[in-house]
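In the numbering used here, the protein residues as written are 135 to 244. Even for Gly, the Cβ is constructed at its ideal location relative to N, Cα and C. Structure first, commentary second.
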Amino acid sequence: MGINIGKLNKRITILSYQESEDEMGQSTQELKPYKRVWATIKPLRGREYWEAKKVQEEVVYKITTRYIKGITSDMLIQYKEKIFEINSVINVEESDLILEMQCTEKVKHG
135 MGINIGKLNK RITILSYQES EDEMGQSTQE LKPYKRVWAT IKPLRGREYW EAKKVQEEVV
195 YKITTRYIKG ITSDMLIQYK EKIFEINSVI NVEESDLILE MQCTEKVKHG
């Protein structure tokens with residue numbers, strides 16, 4: 135199975151938490167860029183629900199890239215102002231060619 139690279143038309147940044155020390159010498163987790171790649175972003179489904187007296191909107195996306203080693207569900211994806219949580223990472227057909235990530239974007243209203 136190949137990938138149509140012409141469809142990889144969104145520039146995304148994969149973010150990972152990295153340990154660093156603050157000025158007091160305490161260990162902290164900082165979100166830093168891991169890799170910038172081209173991707174397709176396709177919405178799959180959405181829902182609305184109430185949380186803390188506010189309407190929450192949750193949209194699930196499939197984000198596809200060329201294979202990238204080391205991507206985990208602990209990471210986040212940034213596309214423009216949007217941040218996506220990675221729910222699952224699939225190496226399509228275990229071919230090390232295509233990576234599909236099911237991701238969630240949560241949007242707060244009100």
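Specify, as a first and last residue, the run of the beta strand (DSSP E) that Glu155 falls within. Looking at the DSSP string, the run of the beta strand (DSSP E) that includes Glu155 is Lys144 to Glu155.
Could you give the distance in angstroms between the alpha-carbon of Tyr141 and the alpha-carbon of Gln163? Sequence inspection shows Lys at residue 141; the Tyr mentioned does not correspond to that position. Near 34 Å, if we compare the C-alpha coordinates of Gln163 and Lys141.
When the Cα atoms are used, what is the spatial distance from Ile148 to Thr238? When rounded, the distance between both Cα atoms is 14 Å.
Around the C-beta of Ile197, are 16 or more other C-beta atoms found within 10 angstroms, so that it is buried, or is it exposed? buried
Between which two residues does the beta strand (DSSP E) containing Lys216 stretch? For Lys216, the enclosing beta strand (DSSP E) has its first and last residue at Lys216 to Asn225.
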